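Protein chains in written order, with our numbering: chain D, 1 to 450; chain V, 1 to 476. First up is the structure itself, then whatever we jot down about it.
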C-alpha cells in the first residue's frame, strides 16, 4: 500500500468514528515486512518472510473512552473496528483527565531522523543467509572449545507507522532495521556455556562485519567456562554495558508517569531531589538521527524531544504522556507509547546515561576484590520499594584484574541505595539499542553464593 | 467440531479443496512436510485503576501461517489476508526452502482426533460487556474493603476466543475453538506514610464467565492481593546465601518450569545445547520427585485439545522417581529424532513457527504433612508466592523471584521477608528435595511462558516441598 493510501485510511476511520458519535478519535495504522534467516552448524535452518498490517482506534465520547483494533482492513473490517470502539465507551467511567493532547501540543519534530534506509530493501536471500553463516563460522572457528552453536541469524524489519487524530494531526514515518546475531556454545569437560553477540542498525551498510560479531560471541562464551560459585559477601560490583543497560531499564520504569501518580515507584515525589550519585546523568532523547529510540512524534501525535531525566544525580523530570501529565499537573514530555489498541502508555526514546572519563580497564584496575557482571537473569526487581535481587554471572575481579568465571550467584541491594552508590561511570557508551549505558561501578552490593 | 461448521468454512468460504491446493503449492518445490495454521482471534480487555474503568478494548486478528519442512530446514510465511491469492503467495514463499520437484501426491484431508477439554458453550468473549465489567468493579470494592491500608487497586480482566484450523500434508485436518480468560488484581498498601508494598493475585482458564461468579470470584482474587500487600508491610531484609528452602503449594511450581521443564524441550536436546542433553535415564532429582507435563487437564490455562501442529495433547512423564524419562517433542524434533510428537508443538500465533513447549507442569504429591515439612527446618526460608522466573538452558542455572516469603526459625514461620531471587542449577537443584507434601495444588491460571520471543499460556503446580540447599539472593 502507498503512504497516501494509509494516511487516507486513517483519516477515513477518524471521520467514521466522529460520524458514529465519538467526540474525539485517534487512529494508528502499522504495516510491516519481516524477514528472518536462521542458520545452525553451518546449514540453513529457517527462512521466514511475511508482511502484515493492522489498524487501531481509540475514541472518546466526552470523558469516556473505548478502543479497538483489527487486522482486517476491508470495508467490513473497518466498520466493525468503529462499532467496537464506540460500543465500549458505554462501559468505561467518566474520567476528568481523559482526552487527547491540546491542538497546540501536536506536531512532528523537524529534520530527517534517518529512520529508514533503502539499503535494507531487496537484499538477496542468499546474501542474508551467507552473512549469518559467516558470523557463526567465525564463532565456531575461534577456538576448539567452541563445540556447538544455537545458530546465527539475519533479521530485517521494514515498517510504516501512521497516526492521525480528530484534532488535525495526521503524519507517518517509515523505519528500517536489520541485524546479524550468533550464539555459540563453549565446552570444557563438564562445563558448558552459551553467550551471544549481535550487530544491528537501521542501515544495512552500518552493520559490523559478521566475523567481528562471531569472534566477540565466541570470546564471551569462552570466558564463562569453568565458572565457580563464590562465598556470600559484600563487594564492589561492575556492570558491563550490556548489564548496565538493565539498570537504566529499571530507572526508566521508576520515572514512568503512571507509576508516579499511583505512588508505585520509589522515585515518586522525588522531583528536584538528589536521588543518585553526582556521576549519574540520564537523558531521554528521541530526536537522535538513525537511532532505535528515535521517532518524529510520539503515539499521541506530540513532537519527540530531548528530556533531561537525571542531571548530576538530581531528578529533573519524569517521562509523561498527556494523561499522566494531567494527573500530576504537568506537561507531557512526548513519551506516549502504545500498541495498536488501548489508552496510551509511556515509553522512552533513546534513554541513556552520559559517559564518564575512565575506561572499563581503569575502573577494574582499582578493585582488589569485586564482581564484574556480564549476565543478569530473572525478574527480581520491585519498582515500588526499589528492592533489587537478580541471578548473575560474570567474572571475579582479583587485584585489579578479571580472574575467573563466576555463576549461579545473585546480586542484591536496593535501587535507591544503588543509585547513590554509583562510584564511576565508564567512557564506553555505545548505542546498541534504545537504552544505552557505559560500564557502571557500584561501591558495594551483596553477592549471594555459597 | 466439523470442518463445515467452522468459522473458516462458513465465514471465509474456505473449502477442503482450497486447503489441499495450498498444501500442494507448499510442497511444490520438494518439501517433505507442510502444514497450514489458520487463526481467527477475538480479544477483549477491561482495565480499572483508581476505582474507574479507564480502559476497554476489543479486537480481531486473523491470518494463516504456512510451514514447509525439508530435512532439517523450515520455510515459513504468513498472511493476514485469507483470500486464495494471498494464501497461495505465502505457500509459494514457504515452499522455496526446498529445491527440487514435488515428491508428494495429492493430499486427502480427513478430520483427526482431539480431546474436548473445555466444553464452553458461550465463551466469555461472546458475553455482554456489562457483565464482564462488573468483575473488575467488584474486585476493586473487595480489595479496598479488605483493609484501610490498601490505597491503590488495579484490576484487569482479559479474555480471548481463538478459532484454529490446522491442515497437514499427512492428511490430518483439526479444528479447535479455544476460549481463555483471566482476572488479575494488584494492590498497594501503606502504613503511616511508610514505604508502600505491592500484592498481586489472579487466575482464570479455559472457562465460562460463570467461573468468576461461582468458583473463583473477584472477591477471592482481591482479598488475596490485598492480604499479600498487607503481609509485606512488616517485611524485613531477605537473607543471603545457601539455606534450606520450603516451597508452598501451587504457583511455586514455577520452579519445575524453570529448573527442568525448559531444559527438557526437545529442540534444545536435539541440538545438544541443554544442560539435560544426553542425560536420559540418569538421576536428575531425588527419588521423591516425579514431574509431569499434562496438556489434557480439563479447563486449565495450559491445556489444549490439539497442539498448534494439530496433534492431540497428552500426559508426559518428564522425571519419574528422580530419573529423567522424557523430552517434550514437536513435529520437527520428533521426526529428526525418529520418535513421536508428545503433542507439545505450540506457537504464539499464525505469525510464529511452532516449537516444543510446556502445557501444565507439576510434581506429583508425596506423603509428608505440609506442617511437618515446615517443622523440620531449624532455619530457612518459606516461599508462599512468586513472581517470574528464567533459565539459562545451557548452563542450567535458573532463577525465580519470591514475592511473598517468610523466615523459618525453629520450625515456625516468623517474619515476612522482602522480595528475593532464588538461584539454582537445573540438573542439581532437585537432588536436594528431601520432603514432598501430600498437598499438590495447581496454580490459579495466570502463567505466561516466553521462549525465543513467543508467549504462550501455561500452568504449573507443586505440593509443599523441602529443598535442603538453595541460594537465596537477599541482602542480610
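Note that the Cβ used here is the ideal one computed from N, Cα and C, for glycine as well. What you are looking at is a predicted structure, and each value in this text was computed from that prediction instead of being measured.
Quiz prompt | Beta-carbon contacts of residue 14 of chain D that lie in its chain and below 6 Å, excluding the five residues immediately before and after | solution = As a working mapping, residue 14 of chain D is identified with position 14 in the first chain. Only 25, 27, 164, 166 meet the Cβ criterion.
Which two residues bound the contiguous alpha helix (DSSP H) that contains residue 250 of chain D?
As a working mapping, residue 250 of chain D is identified with position 250 in the first chain. Residue 250 of chain D -> alpha helix (DSSP H) spans 241-254.
Exercise for the section: Please check the pair residue 461 of chain V and residue 263 of chain V, which I expect to be a contact at CB under 8 Å, by giving their CB distance rounded to whole angstroms. Expected result: Locating residue 461 of chain V in the second chain gives position 461, counting from the first residue. Locating residue 263 of chain V in the second chain gives position 263, counting from the first residue. Residue 461 of chain V to residue 263 of chain V, Cβ: 19 Å. No contact.
Item to complete: Could you tell me whether the Cβ of residue 307 of chain V comes closer than 8 Å to any Cβ of chain D?
Response: If you number the second chain from 1, residue 307 of chain V lands on position 307. No, because no Cβ of chain D sits closer than 8 Å to the Cβ of residue 307 of chain V.
Q) Does residue 472 of chain V get closer than 8 Å to chain D when you measure Cβ to Cβ? A) For the purposes of this step, residue 472 of chain V is identified with residue 472 of the second chain, where counting begins at 1. Yes, contact with chain D.
Using DSSP's beta-bridge definition, name the partner residues of residue 394 of chain D. In the first chain, counting from the first residue as 1, residue 394 of chain D sits at position 394. DSSP lists D:373, D:406 as partners of residue 394 of chain D.
**Report entry** Sequence-distant residues of the same chain with beta carbon closer than 7 Å to residue 484 of chain V, five excluded per side
**Finding:** Examination of residue 484 of chain V is not possible in this model, given that chain V is present from 1 through 476 alone.
Q: Determine the burial state of residue 399 of chain V: buried for a count of at least 16 other Cβ atoms within 10 Å of its Cβ, exposed for fewer.
A: Here the question's residue 399 of chain V lines up with position 399 in the second chain. Around the beta carbon of residue 399 of chain V, 16 or more other beta carbons sit within 10 angstroms, so the residue counts as buried.
Buried or exposed for residue 132 of chain V, please, with buried defined as at least 16 other CB atoms from any protein chain shown within 10 angstroms of its CB. Here residue 132 of chain V corresponds to residue number 132 of the second chain, with the count starting at 1. Buried, by the Cβ-count rule.
Next on the checklist: With distance defined between alpha-carbon atoms, name the residue in D:122, D:153, D:257, D:74 nearest to residue 55 of chain D.
Outcome noted: Your numbering for residue 55 of chain D matches position 55 in the first chain. Looking at the Cα atoms, D:74 is the closest of the given residues.
**Q.** chain D within 8 Å of residue 76 of chain V, Cβ atoms only
**A.** Here residue 76 of chain V is taken as the residue at index 76 of the second chain, counted from 1. Chain D, which has a Cβ nearer than 8 Å to the Cβ of residue 76 of chain V, makes this yes.
Taking Cβ positions, are residue 251 of chain D and residue 216 of chain D nearer each other than 8 Å?
Numbered from its first residue, the first chain carries residue 251 of chain D at position 251. Numbered from its first residue, the first chain carries residue 216 of chain D at position 216. It is not a contact, given that the beta carbons lie outside the stated cut-off.
Buried or exposed: which applies to residue 503 of chain V, given that a residue is buried once 16 or more other Cβ atoms fall within 10 Å of its Cβ? No answer is possible for residue 503 of chain V: it lies beyond the span of chain V, which begins at 1 and ends at 476.
How long is the line joining the alpha carbons of residue 80 of chain D and residue 137 of chain V, rounded to whole angstroms?
Start at 1 with the first residue of the first chain, and residue 80 of chain D comes out as number 80. Start at 1 with the first residue of the second chain, and residue 137 of chain V comes out as number 137. When rounded, the distance between both Cα atoms is 27 Å.
| task | Find the residues of chain D that neighbour residue 271 of chain V, judging by a C-beta separation of less than 9 Å, and give them in chain order. | result | Taking the second chain and counting its residues from 1, one reaches residue 271 of chain V at position 271. 40, 41, 148, 149, 150, 151, 185, listed in chain order.
Practice item. Determine the burial state of residue 13 of chain V: buried for a count of at least 16 other Cβ atoms within 10 Å of its Cβ, exposed for fewer. Key: Residue mapping note: residue 13 of chain V aligns to position 13 of the second chain, counting from 1. Residue 13 of chain V comes out exposed.
| message | Contact defined as beta carbons within less than 8 Å: I believe residue 158 of chain D pairs with residue 176 of chain D. What is the distance between those atoms, to the nearest angstrom? | response | Locating residue 158 of chain D in the first chain gives position 158, where the first residue counts as 1. Locating residue 176 of chain D in the first chain gives position 176, where the first residue counts as 1. 5 Å between Cβ atoms; contact.
Check your understanding: Are the beta-carbon atoms belonging to residue 150 of chain V and residue 144 of chain V less than 8 Å from one another?
Key -> Here residue 150 of chain V refers to the residue found at position 150 when the second chain is read from its first residue. Here residue 144 of chain V refers to the residue found at position 144 when the second chain is read from its first residue. Going by C-beta atoms, residue 150 of chain V is nearer than 8 Å to residue 144 of chain V.
Note down the Cα distance separating residue 236 of chain D from residue 65 of chain D, rounded to an integer number of angstroms. Position 236 of the first chain, counted from the first residue, corresponds to residue 236 of chain D. Position 65 of the first chain, counted from the first residue, corresponds to residue 65 of chain D. Those two C-alpha atoms are separated by around 50 Å.
Item checked: Segment contact flag, the segment 430-446 of chain D with the segment 225-241 of chain D, C-beta cutoff 8 Å, min 3 pairs -> Taking a cut-off of 8 Å for Cβ pairs, the segment 430-446 of chain D and the segment 225-241 of chain D touch, as three or more such pairs fall below it.
- prompt: Are the beta-carbon atoms of residue 282 of chain V and residue 323 of chain V separated by less than 8 Å?
  reply: By 1-based counting over the second chain, the position of residue 282 of chain V is 282. By 1-based counting over the second chain, the position of residue 323 of chain V is 323. Cβ distance < 8 Å, so residue 282 of chain V and residue 323 of chain V count as in contact.
Query raised in the report: So with Cβ pairs under 8 Å, would you call residue 244 of chain D a contact of chain V?
Result: Locating residue 244 of chain D in the first chain gives position 244, where the first residue counts as 1. Under the Cβ criterion of 8 Å, residue 244 of chain D is not counted among the residues facing chain V.
* Between which two residues does the beta strand (DSSP E) carrying residue 22 of chain V extend? -> Taking the first residue of the second chain as 1, we reach residue 22 of chain V at position 22. Per DSSP, residue 22 of chain V lies in no beta strand (DSSP E) segment; the continuous alpha helix (DSSP H) that holds it begins and ends at 16-26.
### Query
Can the beta-carbon of residue 483 of chain V be found less than 8 Å from the beta-carbon of residue 273 of chain V?
With chain V represented from 1 up to 476, any question about residue 483 of chain V goes unanswered, as that position is not in the structure.
Per DSSP, which residues does residue 197 of chain D bridge with? Please list them.
Position 197 of the first chain, counting from 1, holds the residue named residue 197 of chain D. Looking at the DSSP assignment, residue 197 of chain D forms a beta bridge with D:182.
Which chain D residues are close to residue 189 of chain V, counting only those with a beta carbon under 9 Å from its beta carbon? Taking the first residue of the second chain as position 1, residue 189 of chain V is located at position 189. In chain D, no part has a C-beta under 9 Å from the C-beta of residue 189 of chain V; the shortest such distance is about 10 Å.
Review point. From what residue to what residue does the beta strand (DSSP E) around residue 151 of chain V run?
Key: Residue 151 of chain V sits at position 151 when you count from the first residue of the second chain. That run of the beta strand (DSSP E) goes 150-168.
For a cutoff of 8 Å on Cβ pairs, would you count residue 387 of chain D as touching chain V?
Translated into positions along the first chain, residue 387 of chain D becomes position 387. Yes, its Cβ sits closer than 8 Å to a Cβ of chain V.
Less than 8 Å between the beta carbons of residue 67 of chain V and residue 353 of chain V, yes or no?
What you label residue 67 of chain V is simply residue 67 of the second chain in a count that begins at 1. What you label residue 353 of chain V is simply residue 353 of the second chain in a count that begins at 1. For residue 67 of chain V and residue 353 of chain V, yes; Cβs fall inside 8 Å.
Supposed contact pair residue 227 of chain V and residue 445 of chain V - C-beta distance, whole angstroms, cut 8 Å: On the second chain, position 445 is the one that residue 445 of chain V refers to. On the second chain, position 227 is the one that residue 227 of chain V refers to. Distance from residue 445 of chain V to residue 227 of chain V at the Cβ level is roughly 19 Å; contact not present, criterion being Cβ atoms closer than 8 Å.
Start-end ranges of the beta strand (DSSP E) lying completely within the segment 258-296 of chain V, minimum 3 residues: Listed in chain order, they are 291-294.
Requested in this report: Could you pull out every residue in the same chain whose Cβ sits closer than 6 Å to the Cβ of residue 8 of chain V, ignoring the five residues on either side in sequence?
Outcome: As a working note, residue 8 of chain V is residue 8 in the second chain. Cβ within range, chain order: 14, 38, 165.
Does the segment 101-120 of chain D come close enough to the segment 85-93 of chain D to have 3 or more Cβ pairs within less than 8 Å?
The segment 101-120 of chain D makes no contact with the segment 85-93 of chain D: fewer than 3 CB pairs, one atom from each, lie closer than 8 Å.
| query | Given that residue 418 of chain D touches chain V, what residues does it touch there, using C-beta distances under 8 Å? | reply | On the first chain, position 418 is the one that residue 418 of chain D refers to. Under the 8 Å cutoff, chain V gives no residues; its nearest Cβ is about 11 Å from residue 418 of chain D.
Cβ of residue 433 of chain V less than 8 Å from any chain D Cβ?
Position 433 of the second chain, counted from the start, is the residue given in the question as residue 433 of chain V. So, not an interface residue.
Beta-carbon proximity of residue 327 of chain V to residue 419 of chain V, cut-off 8 Å: Along the second chain, read from residue 1 onward, the residue named residue 327 of chain V stands at position 327. Along the second chain, read from residue 1 onward, the residue named residue 419 of chain V stands at position 419. Not in contact: residue 327 of chain V and residue 419 of chain V (Cβ atoms no closer than 8 Å).
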